[in-house]
Amino acid sequence: MGTLPKTRFSKTTIRSLAEAAGVYLDDETVDIILPVFRVVMASISKLDEIDLGDAEFPLVFLQ
Amino acid sequence: MRPFHELSINEAEKGIREGELSPTDLAKSLLRRIDEVEPRVKAFVTIDKEGVLESAEIAEREAKEGKFRGPLHGIPLGVKDVINTEGIRTTSGSPLRRNFVPSRDADAVWRLKQAGALVIGKTVTHEWAFEVFCPPTRNPWDLSRIPGGSSGGSAAAVAAEECPGAIGTDGGGSLRIPASLCGIVGLKPTFGLVSEAGTTPGGWSLSHMGPMTRTVRDAALLLNVVAGEGMRHLEFGSSRPTDYTKGIGGSIEGMRVGIPSNHFFEMLDGRVAECVKSALEFMLEKGAKRKEISVRHVEYCHPALLAIGLTEPADYHEAGIRAHPESYGLDVRTEFQIGALIPGKYYVKAQRFRTLFRMELERVFESVDVLLTPTVPASASRIGQKFFNFGGVKEGVSDTFPRYCLPFNLSGNPAITVPCGLDEDNLPIGVQIVGRAFGEEMILRAAQSLEQSIGWSKHRPPIR
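Here the protein sequences come in this chain order: A and B.
Under the working numbering, the first residue of the first sequence carries the number 7, and numbering increases by one thereafter.
Under the working numbering, the first residue of the second sequence carries the number -12, and numbering increases by one thereafter.
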């Protein structure tokens, strides 16, 4: 899976993601979530820019 | 003689140990203070008047017989309401837990009681320890301002002298932000140093528990007690049993103080920047060495914290939201629902990023002993205020306050906030000192030196 398409995300996206995650969202909730989700994903998708190299999943945080 | 409610933990403990202060008188003095200011500050969810008086009487009898349970014998403390207390309800700021009375103490509370501390009450948390506003608690320095959060009740109670210390939790600044806004000391220890067993999970891999006090020495005294073996401790790190008060009062001559040249001095209030610069000057006068340093990758910390900090609680709250959506506030419910929709690859990337960022901080701490930054970019916002404006750039209050704190939730490094001045509205400003993993002694020494130079003890909130 590569970078998520740089779309503005629609209500359909929210409903599809919710369906895949087994989360029920009514229409009103989808309306509330959509603008916040756009902001959150715009931030989180910046993680696609960084070269993580050999960085491992941190099973042990601090030695 | 000063009223007992004004005493620090260190002063009260000494008084009790030397027979000059009775635990009952101390508890009664604090309860009187609570009666006076609590209707305005609203820092507590539950005040255990009967429980604390009963425990204080036992502590008093024991003290008269020369029996002292430990270094906190007879000292009443506040406990954030996401931390379980046996026999005292623990609501997590949620109607869903309105009547939840734990049958056993969280590890940290158990440790505090073993050391002789008494629980005076449970302090307000923003719902599920999320967000920075923390209603209905008010900031004792200005009742029209927020205390910060999510450990806002603990910070306000300590600042208003309703208790000499408290414990809070910190998943993205939740302990340091309110400590800074309320003008007290807040210590987020190294990840895993304090067991979180028995605490309502905010984000399992981000949350830290730590002391909130009026002096640096008191923070060290509490850390001495709460630090220790726990399930997560064994899983994530190794202990360094120590006396954290040892380095306090020691010289900071030659201490290498790192000043980040990126991120930590961007988009902030001018008075905050001035105060932190003055704090640095005080340290340099005492022989510390200044070193400019760039912290690479820090711009990815906010995205990483969002990916982890929304996803982990989304899982914890999935069943609750499905069954009782109306029992969640709209702000936190929306965030948890979004957490459930974040693609898994970002959670993994964010966790891998933490490895990279931790390695970067290891590099940074090869050339410096501590980092000095503002704790938050601005002093306490007004209740109802949604945005800050930094040079024409509008930013949501919820995004502003955690900005300088959250990198160290990702890395797990210890960080302490200590008051360093007041702004033009007489609101406290905090400075953050960050150390290498398990470097609590070093940051406590630096913080106490600063506290002494600034003479913060002469400042008290105007509430009477």
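The beta-carbon is built from N, C-alpha and C at its ideal position, and this holds for glycine as well.
Computed from a prediction, not measured in an experiment: that's the story for all the values here.
Can you give the Cα-Cα distance for residue i and residue j, rounded to whole angstroms?
| i | j | result |
| --- | --- | --- |
| B/P176 | B/E41 | 32 Å |
| B/F117 | B/V319 | 7 Å |
| B/I239 | B/M429 | 9 Å |
| B/Q439 | B/R85 | 42 Å |
| B/R219 | B/G185 | Unreliable placement is indicated for B/R219, whose pLDDT of 47 sits below 50; the coordinate value is still reported in the next sentence. Taking the straight line joining both Cα atoms gives about 12 Å. |
| B/F55 | B/A214 | 20 Å |
| B/E313 | B/L348 | 42 Å |
| B/G108 | B/K233 | 30 Å |
| B/V119 | B/E279 | 31 Å |
| B/V181 | B/I416 | 27 Å |
| B/E222 | B/F178 | Confidence at B/E222 is low in this model, with a pLDDT of 45, below 50, so its placement is unreliable and the value that follows should be read with caution. So the two alpha carbons sit approximately 11 Å from each other. |
| B/P394 | B/G38 | 39 Å |
| B/E80 | B/P188 | The amino acid at residue 80 of chain B is misidentified as Glu; the sequence shows Gly. The alpha-carbon atoms of B/G80 and B/P188 are separated by roughly 13 Å. |
| B/I75 | B/I34 | 9 Å |
| A/M47 | B/Y333 | 10 Å |
| B/A93 | B/I246 | 37 Å |
| B/G155 | B/D205 | 14 Å |
| B/I235 | B/Y315 | 44 Å |
| B/L99 | B/T200 | 14 Å |
| B/V32 | B/T78 | 8 Å |
| B/E268 | B/I171 | 21 Å |
| B/P401 | B/D157 | 11 Å |
| A/S51 | B/N71 | 36 Å |
| B/I441 | B/S248 | 24 Å |
| B/E305 | B/L83 | 13 Å |
| B/A367 | B/E49 | 43 Å |
| B/P63 | B/D22 | 16 Å |
| B/Q372 | B/H311 | 29 Å |
| A/K17 | A/E55 | 26 Å |
| A/L23 | A/D60 | 30 Å |
| B/I(-4) | B/P151 | 6 Å |
| B/P364 | B/I420 | 15 Å |
| B/G197 | A/D33 | 41 Å |
| B/V96 | B/R309 | 32 Å |
Starting from residue i, find everything on chain A with Cβ-Cβ shorter than 9 Å and list it in chain order.
| i | result |
| --- | --- |
| B/F340 | L53, I56, L58, A61 |
| B/R309 | V29, Y30 |
| B/L297 | V46, I50 |
Can you determine whether any heavy atom of the ligand NAD sits closer than 7 Å to the C-beta of residue i, and answer yes or no?
| i | result |
| --- | --- |
| B/T186 | With respect to small molecules bound, the structure shown includes none, and the ligand NAD cannot be examined in it. |
For a contact defined as C-beta to C-beta under 9 Å, what are the partners of residue i on chain B?
| i | result |
| --- | --- |
| A/T35 | P312, R320, T321, Q324 |
| A/S16 | Near A/S16 there are no residues of chain B at all, since even the closest Cβ is about 13 Å away, more than 9 Å. |
What in chain A is Cβ-close to residue i, meaning under 7 Å?
| i | result |
| --- | --- |
| B/H195 | Under the 7 Å cutoff, chain A gives no residues; its nearest Cβ is about 11 Å from B/H195. |
| B/L455 | Residue 455 of chain B is absent from the structure shown; chain B starts at -12 and stops at 451. |
| B/V335 | F63 |
| B/I329 | I50 |
| B/L358 | Here the premise fails: no neighbours, minimum Cβ distance about 17 Å. |
Report the neighbours of residue i on chain A: residues whose CB is nearer than 8 Å to its CB, in chain order.
| i | result |
| --- | --- |
| B/I441 | Per Cβ cutoff of 8 Å: no residues; B/I441 is ~31 Å from chain A at best. |
| B/E390 | First, the residue type needs correcting, since residue 390 of chain B is Arg and not Glu in the sequence shown. By Cβ distance, chain A contributes nothing, its closest Cβ being about 12 Å from B/R390, past 8 Å. |
| B/R350 | Ordered by position in chain A, no residue passes the 8 Å Cβ test against B/R350, which lies about 14 Å from the chain. |
| B/L293 | V46, S49, I50 |
| B/L343 | I56, L58, G59, A61 |
(message) Whether or not the region 93 to 105 of chain B and the region 344 to 357 of chain B are in contact is what I'm after, with contact meaning three or more pairs of Cβ atoms, one per stretch, closer than 8 Å; do they touch?
(response) At 8 Å Cβ cutoff, the stretches do not touch.
(request) Can you check the region 244 to 281 of chain B for any beta strand (DSSP E) of at least 3 residues that lies completely inside it and give the ranges in chain order? (result) Here the runs fully enclosed are 276 to 280.
(request) Note down, one range per segment and in chain order, each beta strand (DSSP E) of at least 3 residues found wholly within the region 268 to 352 of chain B. (result) Taking only runs of at least 3 residues, the beta strand (DSSP E) segments lying wholly in the region 268 to 352 of chain B are 276 to 280.
(message) Could you check whether the region 143 to 156 of chain B touches the region 22 to 30 of chain B, counting it as contact only if at least three pairs of C-beta atoms, one from each stretch, sit closer than 8 Å?
(response) Contact annotation: the region 143 to 156 of chain B touches the region 22 to 30 of chain B, with at least three C-beta pairs closer than 8 Å.
(request) Please confirm if the region 25 to 44 of chain A is in contact with the region 324 to 341 of chain B, defined as three or more CB-CB distances below 8 Å between the two stretches. (result) With contact defined as three or more Cβ pairs closer than 8 Å, the region 25 to 44 of chain A and the region 324 to 341 of chain B are in contact.
(request) Report the residues of the region 261 to 291 of chain B with a CB closer than 9 Å to any CB of chain A, ordered along the chain. (result) From the region 261 to 291 of chain B, only H284, E286, Y287, H289, P290, A291 have a Cβ closer than 9 Å to chain A.
(message) Quick check for students: name the residue ranges of the alpha helix (DSSP H) that lie wholly in the region 167 to 236 of chain B, counting only runs of 4 or more.
(response) Counting only runs of at least 4 residues, the region 167 to 236 of chain B fully encloses the following alpha helix (DSSP H) elements, listed from N- to C-terminal order: 203 to 213, 218 to 223.
(message) Counting beta carbon pairs with one atom in the region 292 to 312 of chain B and one in the region 192 to 204 of chain B, are three or more of them shorter than 8 Å?
(response) Yes, the region 192 to 204 of chain B is in contact with the region 292 to 312 of chain B.
(message) Contact between the region 123 to 136 of chain B and the region 410 to 424 of chain B is defined here as three or more beta-carbon pairs at a separation below 8 Å; is this criterion met?
(response) The region 123 to 136 of chain B is in contact with the region 410 to 424 of chain B.
(request) Check whether the region 277 to 295 of chain B touches the region 334 to 343 of chain B, counting contact only when three or more Cβ pairs, one atom from each stretch, lie closer than 8 Å. (result) With the cut-off at 8 Å, the region 277 to 295 of chain B and the region 334 to 343 of chain B touch.
(request) Give a yes or no on contact between the region 159 to 173 of chain B and the region 263 to 277 of chain B, applying the rule of three or more CB pairs nearer than 8 Å. (result) Inter-segment contact for the region 159 to 173 of chain B and the region 263 to 277 of chain B is absent: fewer than three beta-carbon pairs are separated by less than 8 Å.
(message) My parser needs the beta strand (DSSP E) runs of 3 or more residues fully inside the region -11 to 76 of chain B; what are they?
(response) If we require 3 residues or more, the beta strand (DSSP E) runs fully inside the region -11 to 76 of chain B come out as 31 to 34, 63 to 67.
(message) Which runs of the alpha helix (DSSP H) at least 4 residues long sit entirely within the region 408 to 436 of chain B? Give them in chain order.
(response) Within the region 408 to 436 of chain B, no complete alpha helix (DSSP H) segment of 4 residues or longer occurs.
(request) Note down, one range per segment and in chain order, each alpha helix (DSSP H) of at least 4 residues found wholly within the region 123 to 154 of chain B. (result) With a minimum length of 4 residues, the unbroken runs of alpha helix (DSSP H) contained wholly in the region 123 to 154 of chain B fall at 139 to 146.
(message) With three or more C-beta pairs closer than 8 Å as the rule, is the region -6 to 4 of chain B touching the region 53 to 68 of chain A?
(response) Taking a contact to require three or more Cβ pairs closer than 8 Å, the region 53 to 68 of chain A and the region -6 to 4 of chain B do not qualify as touching.
(message) If we require 3 or more residues per run, which beta strand (DSSP E) segments fall completely within the region 348 to 388 of chain B?
(response) Entirely contained in the region 348 to 388 of chain B, the beta strand (DSSP E) runs reaching 3 residues are, in chain order, 357 to 361, 374 to 377, 380 to 383.
(request) Pick out the complete beta strand (DSSP E) segments inside the region 96 to 123 of chain B, 3 residues or longer, and give them in chain order. (result) Taking only runs of at least 3 residues, the beta strand (DSSP E) segments lying wholly in the region 96 to 123 of chain B are 105 to 110.
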